[in-house]
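Going down the list, the sequences are from chains A and B.
Numbering (my numbering) for the first sequence: 11 to 268.
Numbering (my numbering) for the second sequence: 11 to 268.
Protein chains: 2
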Amino acid sequence: MAKRPLILVTNDDGITAPGIRTLISIMNTIGDVVVVAPDSPQSAMGHAITINAILHVEKVTIDDGPQTEYSCSGTPADCVKLGVREILDRKPDLCVSGINHGSNSSVNVIYSGTMSAALEAGIESIPAIGFSLLDYNWNANFEHCKSFVKTIAENVIKNGLPKDVVLNVNIPNITKNEIKGIKVCRQARANWEEKFDKRTNPMGRDYFWLTGEFVNMDKGEDTDEYALANHYISVVPVQFDLTAHHAIQQLNTWEFNS
Amino acid sequence: MAKRPLILVTNDDGITAPGIRTLISIMNTIGDVVVVAPDSPQSAMGHAITINAILHVEKVTIDDGPQTEYSCSGTPADCVKLGVREILDRKPDLCVSGINHGSNSSVNVIYSGTMSAALEAGIESIPAIGFSLLDYNWNANFEHCKSFVKTIAENVIKNGLPKDVVLNVNIPNITKNEIKGIKVCRQARANWEEKFDKRTNPMGRDYFWLTGEFVNMDKGEDTDEYALANHYISVVPVQFDLTAHHAIQQLNTWEFNS
Numbered sequence: 011m012a013k014r015p016l017i018l019v020t021n022d023d024g025i026t027a028p029g030i031r032t033l034i035s036i037m038n039t040i041g042d043v044v045v046v047a048p049d050s051p052q053s054a055m056g057h058a059i060t061i062n063a064i065l066h067v068e069k070v071t072i073d074d075g076p077q078t079e080y081s082c083s084g085t086p087a088d089c090v091k092l093g094v095r096e097i098l099d100r101k102p103d104l105c106v107s108g109i110n111h112g113s114n115s116s117v118n119v120i121y122s123g124t125m126s127a128a129l130e131a132g133i134e135s136i137p138a139i140g141f142s143l144l145d146y147n148w149n150a151n152f153e154h155c156k157s158f159v160k161t162i163a164e165n166v167i168k169n170g171l172p173k174d175v176v177l178n179v180n181i182p183n184i185t186k187n188e189i190k191g192i193k194v195c196r197q198a199r200a201n202w203e204e205k206f207d208k209r210t211n212p213m214g215r216d217y218f219w220l221t222g223e224f225v226n227m228d229k230g231e232d233t234d235e236y237a238l239a240n241h242y243i244s245v246v247p248v249q250f251d252l253t254a255h256h257a258i259q260q261l262n263t264w265e266f267n268s
Numbered sequence: 011m012a013k014r015p016l017i018l019v020t021n022d023d024g025i026t027a028p029g030i031r032t033l034i035s036i037m038n039t040i041g042d043v044v045v046v047a048p049d050s051p052q053s054a055m056g057h058a059i060t061i062n063a064i065l066h067v068e069k070v071t072i073d074d075g076p077q078t079e080y081s082c083s084g085t086p087a088d089c090v091k092l093g094v095r096e097i098l099d100r101k102p103d104l105c106v107s108g109i110n111h112g113s114n115s116s117v118n119v120i121y122s123g124t125m126s127a128a129l130e131a132g133i134e135s136i137p138a139i140g141f142s143l144l145d146y147n148w149n150a151n152f153e154h155c156k157s158f159v160k161t162i163a164e165n166v167i168k169n170g171l172p173k174d175v176v177l178n179v180n181i182p183n184i185t186k187n188e189i190k191g192i193k194v195c196r197q198a199r200a201n202w203e204e205k206f207d208k209r210t211n212p213m214g215r216d217y218f219w220l221t222g223e224f225v226n227m228d229k230g231e232d233t234d235e236y237a238l239a240n241h242y243i244s245v246v247p248v249q250f251d252l253t254a255h256h257a258i259q260q261l262n263t264w265e266f267n268s
């Protein structure tokens with residue numbers, strides 16, 4: 011494209027998180043960047059939106075890069091809605107979310123604020139990508155992500171995305187030399203076996219912390235979990251039509267209206 | 011089945027909402043009911059879970075029905091996780107969520123706390139249904155929903171559900187006689203055209219309220235929106251594998267690793 015692409019950047023760890031600072035620096039090499047991101051961490055917010063509370067937005071300067079930045083009191087999905095409707099004067103050519111501190115592979119896509127922002131952009135027919143690094147630490151090293159994130163973003167700008175599809179990209183927490191490449195995958199069938207850590211507060215009232223163990227019951231070699239375990243970056247095309255089309259015929263045999 | 015089925019009931023409008031009280035009364039006629047529901051409204055929470063805060067759970071009595079009830083400080087997905095892991099002594103035969111005060115048809119499934127509870131149960135391999143009435147009012151009339159909700163729940167208990175599929179049921183806000191029947195549908199391709207209502211607070215700071223208009227751009231007669239507009243109850247089979255399988259081949263032509 012002749013003009014530099016307009017890129018909307020958001021995340022769910024908050025606008026000061028090292029992951030989004032890395033993502034902004036990469037996007038600055040590709041296009042004109044506007045950041046609209048949460049003013050505080052929003053992890054595991056799923057696809058929440060703010061309908062019963064007010065939203066604050068403030069123009070902020072966080073580093074000396076060329077991007078324009080807005081800090082928002084809402085969720086990642088709110089940030090995309092606000093960016094598109096109120097802040098940008100034209101539809102962005104790309105929306106990127108992340109780089110998340112922690113995995114959004116397999117079933118985690120469902121709980122992911124990072125991916126909810128990408129899905130929200132997708133619903134608005136904006137090409138969108140969520141990026142996540144398999145390291146939950148605030149001080150995670152994002153250095154090895156840079157060239158791959160750039161390659162994937164440039165491919166999306168060049169090729170576009172299939173209609174109503176966004177990308178869920180996960181990056182293993184290994185060195186750049188150890189990464190074998192980028193693999194297009196399907197979402198593994200996995201879940202969390204939660205354990206609730208039950209405690210008693212000083213006033214004698216019980217409370218719980220949610221903890222759990224990730225269990226991948228899917229042995230397929232075409233899954234994101236397999237790719238990540240084998241040192242590939244996983245790219246899963248994700249859709250927001252949740253219809254289980256294959257199930258419709260079977261349900262039509264039921265005696266609903268007898 | 012010989013034993014009475016064990017039914018877990020939850021919602022996102024809170025444990026005292028008329029919608030869940032109606033759902034509990036219906037489920038009491040089918041099986042043994044345990045309620046684990048949020049202690050306050052959680053609408054538009056998407057698939058949020060609580061990982062950075064503690065959860066409180068209290069056994070409560072709200073009416074004189076035979077059900078056992080727990081009020082939980084978490085989200086709908088938290089309620090299902092807690093119910094399955096900490097409260098129930100066996101896996102329930104059915105999880106029902108709702109009846110939501112307001113539509114969860116088409117793209118609303120993505121933002122829906124009601125459906126996030128059903129999806130959470132589905133991930134745990136529990137047959138699950140989310141029910142919603144197309145009336146946002148707290149004092150909505152759920153009377154006409156009763157026989158249809160019962161029919162659908164009994165069909166799920168009798169037939170089971172296809173693997174990794176849950177049901178998204180929406181009920182028009184009309185009288186029982188006007189309802190033409192139950193239709194299995196796909197999710198319509200629709201979205202919200204948000205408008206942010208920008209205001210200034212007494213201290214001179216700008217803030218926004220999220221408002222918007224629902225726009226259905228999908229003219230298909232096999233969609234949930236079409237069914238609802240034509241006085242049918244819509245039943246959409248919903249999956250949590252978000253992979254756009256049809257897009258994988260196309261993405262494999264990209265120059266990711268050149």
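Here a beta-carbon is modelled for each residue, glycine too, at the ideal position from N, C-alpha and C.
- For Lys91 of chain B, the chain A residues whose C-beta falls within less than 9 Å of its own C-beta are Trp202, Glu204, Phe206, Leu220, Gly222, listed in chain order.
- Tyr242 of chain A: member of the beta strand (DSSP E) spanning 242 to 249, first to last residue.
- Between Leu129 of chain A and Ile181 of chain A, the C-beta gap is not smaller than 8 Å, which leaves the two residues out of contact.
- Here Cys105 of chain A has Leu18, Ala131, Ile136, Ala138 as same chain residues with Cβ atoms under 6 Å from its own Cβ, once five neighbours each way along the sequence are excluded.
- Separation of the CB atoms of Asp207 of chain B and Thr221 of chain B is rounded to 5 Å, and the pair is thereby assigned contact status at 8 Å.
- The beta carbon of Ile109 of chain A lies closer than 8 Å to those of Asn21, Gly29, Ile30, Thr32, Leu33, Phe141, Ser142, Leu143, Phe152, Cys155, Val159, Ile181 in the same chain, with the five residues before and after it left out.
- At a cut-off of 8 Å, the C-beta of Arg196 of chain B has a neighbouring C-beta in chain A.
- Proximity of the segment 230 to 250 of chain B to the segment 85 to 101 of chain A falls short of the contact definition, fewer than three beta-carbon pairs being nearer than 8 Å.
- Close partners of Ala257 of chain B in chain A (Cβ separation under 7 Å): Pro172, Val175, Pro247.
- If you draw a 10 Å sphere on the C-beta of Thr253 of chain A, you find 16 or more other C-beta atoms in it, and that means buried.
- When secondary structure is reduced to three states using DSSP, Ser122 of chain B falls in the coil class, being assigned neither helix nor strand.
- What Glu96 of chain A touches in chain B, judged by beta-carbon distance under 8 Å, is Phe206, Lys208, Phe218, going in chain order.
- Residues of chain A with a Cβ closer than 9 Å to the Cβ of Arg14 of chain B do not exist, since the nearest Cβ in that chain sits about 21 Å away.
- Closer than 8 Å to the CB of Arg100 of chain B there is not a single CB belonging to chain A.
- The DSSP-derived three-state label of Asn267 of chain B is coil.
- Taking 8 Å as the threshold, the shortest C-beta distance from Thr26 of chain A to chain B does not fall below it.
- When Cβ pairs closer than 8 Å are counted between the two stretches, the segment 109 to 121 of chain B is seen to touch the segment 226 to 242 of chain B, the count reaching three or more.
- One alpha carbon belongs to Val166 of chain A, the other to Asn38 of chain A, and they sit about 16 Å apart.
- Listed by position along chain A, the residues whose Cβ is nearer than 8 Å to that of Asp251 of chain B are Arg196, Gln197, Arg199.
- Apart from sequence neighbours up to five positions away, the residues of its chain that approach Arg14 of chain B with a beta-carbon distance below 7 Å are Gly41, Asp42, ordered along the chain.
- The Cβ neighbour count for Gln249 of chain A, taken over all protein chains shown within 10 Å, is at least 16; the residue is labelled buried.
- Chain A has a Cβ within less than 8 Å of the Cβ of Val119 of chain B.
- In this structure, DSSP gives Asp42 of chain A an extended state, which the three-state scheme calls strand.
- Between Gln77 of chain B and chain A, the shortest Cβ-Cβ separation is not below 8 Å.
- In this chain, Ala150 of chain B is not harboured by any beta strand (DSSP E), its DSSP state being neither H nor E.
- Not flagged as an interface residue toward chain A: Gly29 of chain B, since no C-beta distance is shorter than 8 Å.
- Three or more beta-carbon pairs separated by less than 8 Å link the segment 69 to 86 of chain B to the segment 120 to 128 of chain B, which places the two stretches in contact.
- Within the segment 134 to 220 of chain B, the complete beta strand (DSSP E) segments at least 3 residues long are 138 to 143, 175 to 181, 191 to 194, 200 to 210, listed from N- to C-terminus.
- Assigned with DSSP and collapsed to three states, His255 of chain A falls in helix.
- Taking 8 Å as the upper bound for CB-CB distance, Leu98 of chain B and Leu16 of chain B are in contact here, some 7 Å apart.
- In the assembly as shown, Glu79 of chain B is a buried residue. Its beta-carbon has 16 or more other beta-carbons within 10 Å.
- Contact annotation: in the segment 117 to 142 of chain B, residues whose CB is within less than 8 Å of a CB in chain A are Val117, Val119, Ile120, Tyr121, Ser126, Leu129, Ile133, Glu134.
- Between Ser35 of chain B and the set B:Asp23, B:Lys101, B:Gln52, B:Ile72, the nearest pair of CA atoms involves B:Ile72.
- Bounds of any alpha helix (DSSP H) do not take in Lys69 of chain B; it lies within the beta strand (DSSP E) bounded by 67 to 70.
- At least one CB atom of chain A sits nearer than 8 Å to the CB of Leu261 of chain B.
- Residue pairing by DSSP places Asn110 of chain B opposite B:Ser142 in a beta bridge.
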